[in-house]
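**Q**
Chains as they are written, first to last, in this note's numbering: chain A, 1 to 465; chain B, 1001 to 1368.
#1: Considering only residues of the region 361 to 446 of chain A, which uninterrupted alpha helix (DSSP H) runs meet the minimum length of 4 residues and lie entirely inside it, listed in chain order?
#2: In chain A, which residues lie with their C-beta within 9 angstroms of the C-beta of residue 1108 (chain B)?
#3: Alpha carbons only, please: which of A:255, A:340, A:138 and A:264 is nearest the one belonging to residue 157 (chain A)?
#4: Taking only the alpha-carbon atoms, compute the straight-line gap between residue 336 (chain A) and residue 319 (chain A) and give it to the nearest angstrom.
#5: Helix, strand or coil: which one does DSSP assign to residue 332 (chain A)?
#6: Grab me the residues of residue 445 (chain A)'s own chain with a C-beta within less than 6 angstroms of its C-beta, minus the 5 sequence neighbours each way, in chain order.
#7: Is the Cβ of residue 445 (chain A) closer than 8 angstroms to any Cβ of chain B?
#8: Compare the C-beta of residue 1189 (chain B) against all C-beta atoms of chain C and say whether one is closer than 8 angstroms.
#9: What does a CB cutoff of less than 7 angstroms around residue 1120 (chain B) pick up in its chain, not counting 5 residues either side in sequence?
#10: What is the DSSP secondary structure of residue 159 (chain A), reduced to helix, strand or coil?
#11: Using CA atoms only, rank isn't needed, just tell me which of A:194, A:43 and A:253 is closest to residue 261 (chain A).
#12: State yes or no: is the beta carbon of residue 272 (chain A) nearer than 8 angstroms to at least one beta carbon in chain B?
#13: So, helix, strand or coil for residue 1193 (chain B), using DSSP?
#14: Listed in chain order, which residues of the region 1131 to 1154 of chain B have Cβ atoms closer than 7 angstroms to some Cβ of chain A?
#15: Below 8 angstroms on the Cβ atoms is my guess for residue 1122 (chain B) versus residue 1173 (chain B); work out the distance and round it to an integer in Å.
#16: If we define contact as Cβ-Cβ less than 8 angstroms, is residue 1025 (chain B) a contact residue for chain A?
#17: Would you mind telling me which residues of chain A sit closer than 8 angstroms to residue 1086 (chain B), beta carbon to beta carbon, in chain order?
#18: Quick one: which chain B residues come within Cβ less than 9 angstroms of residue 246 (chain A)?
#19: Closest to residue 1046 (chain B) by CA distance: which of B:1038, B:1060, B:1037 and B:1036 is it?
#20: Under 8 angstroms, with one C-beta from each stretch per pair, do the region 198 to 209 of chain A and the region 234 to 246 of chain A reach the 3-pair mark?
#21: Span of the alpha helix (DSSP H) holding residue 1 (chain A)?
#22: What is the DSSP secondary structure of residue 1307 (chain B), counted as helix, strand or coil?
#23: Which chain A residues are close to residue 1043 (chain B), counting only those with a beta carbon under 9 angstroms from its beta carbon?
#24: Could you tell me whether the Cβ of residue 404 (chain A) comes closer than 8 angstroms to any Cβ of chain B?
#25: Please confirm whether residue 58 (chain A) and residue 155 (chain A) have their CB atoms less than 8 angstroms apart.
#26: Start and end of the alpha helix (DSSP H) containing residue 74 (chain A)?
#27: Taking the C-alpha atoms as reference points, what is the distance between residue 67 (chain A) and residue 76 (chain A)?
#28: Using beta-carbon positions only, say whether residue 189 (chain A) and residue 249 (chain A) come within less than 8 angstroms of one another.
#29: Which of the three DSSP states is assigned to residue 311 (chain A) in this structure?
#30: Quick check on this structure: which residue in B:1314, B:1149, B:1238 and B:1242 has the alpha carbon closest to the alpha carbon of residue 1078 (chain B)?
#31: What alpha helix (DSSP H) runs, 4 residues minimum, are completely inside the region 115 to 182 of chain A?
#32: Taking all protein chains shown into account, do 16 or more other C-beta atoms lie within 10 angstroms of the C-beta of residue 949 (chain B), making it buried, or fewer, making it exposed?
#33: Quick one: what's got a C-beta closer than 6 angstroms to residue 1225 (chain B)'s C-beta in the same chain, skipping five residues either side?
#34: Could you pull out every residue in the same chain whose Cβ sits closer than 6 angstroms to the Cβ of residue 233 (chain A), ignoring the five residues on either side in sequence?
#35: Quick one: is residue 1183 (chain B) buried, meaning 16 or more other Cβ sit within 10 Å of its Cβ, or exposed?
#36: Could you tell me which chain A residues have their CB closer than 7 angstroms to the CB of residue 1022 (chain B), listed as they occur along the chain?
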């Protein structure tokens, strides 16, 4: 069940809000755990068992680590390693088995068979999330959770379960015990959730349709400019999809009294790739920084070692995004660009006009999205050549169509990538704009619902059979 | 408290919105069939354990939930209106064209399937030793091009129609491009050509197949409430209806239609169909696997027509020229067209398709 579905908005969420606020505070974590398990089991009921297993072993290993971390460091370390290994095993088995088997088969080593298991929803997110718990415990960054229910409600919490942000246990440990839901927070949650819903439904989905339509054009209808519009639309789609989802997660969290850390900070206004990755999917970057890059030595062991560490992190980042070579290539590409920036390019960029820095950044980001968008590398390569002239024209009537038909959407997307709206808001001061919020929320909800209902509109017309 | 009023109102709107439609869905009457979509709506999924744990209970439930969402058509119209207001020139691949016209966009096709389909026709004609009269009707996006909004773009049907002519060179290709070059040959809210458009087709057949002067016909509107496929697909439910016409020859004749199941209709028109959404089925009762038209026009000529629904509105004209017409819809027809031809060695063989069907149809391989 995704947040931008009718079942979530008009069945699941109202029911959950009702039950959650109807029960006394001390039962609310239990309610969260149960409704989250239902949410998780909705798509694939069997995997609820996987989720419960994951909660259970992390809970017990965490308790042991907590018990021995002062008295017997060695023992605590063994528990930690076992716990991390189990989590990685889970992720590796479900996400990468078929990839491994397929590649070994291609090399003629046929001892592994692809299993074709469905990928448990959100497994990349929640295994990373739960791993932060034993590691932080071991490092004394947090304390063991005594209540199985509270810990379970942290792991399964439906707002961030399936697409992040990746919430570290230590960041919400306190809220699990002593949050006080209140009107201000709920209000902020409503605003944030609705904004996220609009980003996902109105911007991301619409941009995605254009991208798909352009990607399906026959060769005779392609043009250089159309290809650029296409990848621009994918650039918009992936940002509004992912950040919209994070907004909805943060908003829902607030409705239940939680504050999650931000996940995006206007990444497309960055003036370098280094800056871009400080603004894009921040919870993942922080995770890799804290749990991979720094333990590997970070920048403390000399430049060659630092360069190696950066490449390791980016190889893993790419691989985390999907079990396919294009994601690996995408990660390695970013690793190399970041190294180049670190070695000299950042210094060069400081000397050029600001607009060149932005153009450079978006150019790199969009090229990288081409690789990201196509699991078939030869198709990605072909698309890149289209961007640089390998098309039937520079621009044609299809180009005009895509521009003319979507001009408002493209402009709105471009504006929504920047902090303009936020700035305007503070410029007028909150008090002045606030009276308009109720109307904006209502319009937003109405239009979003219309677009969601329409997505299921499927006229079966007799000339299409 | 006063300072908090906008906050409370916002929260109130959010909650009322969610809960009102939730309750609305619970109590709303559930329909089984959507006329606009011309399909059965999803049933409530089975609650058996096998189904719930079978893997797609969630999608079944979500289909049911959205298919029966309260005020469904209103939401769909609202989405179309939002897009139009924000400057889009199409919705669901239907252009908002001039004069409240709704025109299907032609943005993609499968070149292999297209090529195969033409080759099937060519091979079939060669195999049976008959000359095929091939009538490919350009779509509204081509014929009604003048009405398209600025910025509209479609795959060029000229190129595809040239390919047809080049591939089936031994056959009699009836080219309608010059004759169907005006929006008024097409329905405003439907993808088909209208009675005037079909008359152009009839004239071309008279000239290129029958070698006769076309007869004169009178057109009488039988409804003004026809809202066709483009109306449904576009979501532009604010569009007004348009006329369907009965087409009567100057020299009156009688017609009887026999369908694949042996049932008989003593008219080229089914008045009952005017009461339904799908009013185009007024002409020869819509899609049938097999339709045999007998008339007392007295020419003694006969035809075998392999067709899609574009041919239906052409029948009132052709019935004035042929004593017997046998229509085959390959999507449903079980028999072989070649045996129909063997039964009637004098029959004219026609292929009457819209270009849109010719590039998408997957049943032309069933000719033999």
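A virtual CB, placed ideally from N, CA and C, is assigned to each residue, including glycine.
**A** If we stick to the structure as given:
#1: Counting whole runs of 4 or more residues, the region 361 to 446 of chain A contains the alpha helix (DSSP H) stretches 377 to 387, 397 to 416, 420 to 427 and 429 to 433.
#2: Here the neighbours are 213, 216, 217, 218 and 221.
#3: Minimum Cα distance to residue 157 (chain A) is reached at A:255.
#4: For residue 336 (chain A) and residue 319 (chain A), the gap between their C-alpha atoms comes out near 15 angstroms.
#5: Looking at residue 332 (chain A) - three-state DSSP - the assignment turns out to be helix.
#6: Cβ within range, chain order: n/a, list empty.
#7: Yes, its Cβ sits closer than 8 angstroms to a Cβ of chain B.
#8: Going by chain labels, chain C is absent from the structure shown, which instead holds the protein chains A and B.
#9: If we look at residue 1120 (chain B) and ignore the five residues flanking it on each side, its Cβ neighbours are 1364, 1365 and 1367.
#10: The answer is helix: DSSP assigns residue 159 (chain A) an H, G or I state.
#11: The shortest CA-to-CA distance from residue 261 (chain A) to any of A:194, A:43 and A:253 is the one to A:253.
#12: Chain B contact via Cβ: absent.
#13: Reduced to three states, the DSSP call for residue 1193 (chain B) is strand.
#14: Flagged, chain order: 1150, 1151, 1152 and 1153.
#15: 11 angstroms between Cβ atoms; not a contact.
#16: Yes, its Cβ sits closer than 8 angstroms to a Cβ of chain A.
#17: Annotation: Cβ neighbours of residue 1086 (chain B) in chain A (cutoff 8 angstroms, chain order): 408 and 409.
#18: Under a criterion of Cβ atoms nearer than 9 angstroms, no residue of chain B is adjacent to residue 246 (chain A); the nearest Cβ is some 19 angstroms distant.
#19: Per the Cα distances, B:1060.
#20: These segments touch.
#21: That residue, residue 1 (chain A), is in no alpha helix (DSSP H); it is neither H nor E in DSSP.
#22: Annotated three-state conformation of residue 1307 (chain B) is strand, per DSSP.
#23: Here the premise fails: no neighbours, minimum Cβ distance about 15 angstroms.
#24: Yes, its Cβ sits closer than 8 angstroms to a Cβ of chain B.
#25: The beta carbons of residue 58 (chain A) and residue 155 (chain A) sit closer together than 8 angstroms.
#26: That run of the alpha helix (DSSP H) goes 73 to 91.
#27: Using only the alpha carbons, I get a separation of about 8 angstroms.
#28: Cβ atoms of residue 189 (chain A) and residue 249 (chain A): not closer than 8 angstroms.
#29: The answer is helix: DSSP assigns residue 311 (chain A) an H, G or I state.
#30: The residue with the shortest Cα to Cα distance from residue 1078 (chain B) is B:1238.
#31: The DSSP assignment places complete alpha helix (DSSP H) segments of no fewer than 4 residues inside the region 115 to 182 of chain A at 123 to 138, 148 to 156, 158 to 161 and 169 to 178, in order along the chain.
#32: There is simply no residue 949 (chain B) to check, as chain B begins at 1001 and stops at 1368 in what is shown.
#33: Once the five neighbours on either side are set aside, the close Cβ partners of residue 1225 (chain B) are 1241.
#34: Result list for residue 233 (chain A): 207, 210 and 211, in chain order.
#35: With 16 or more other Cβ atoms within 10 Å, it is buried.
#36: Annotation: Cβ neighbours of residue 1022 (chain B) in chain A (cutoff 7 angstroms, chain order): 10, 11 and 14.
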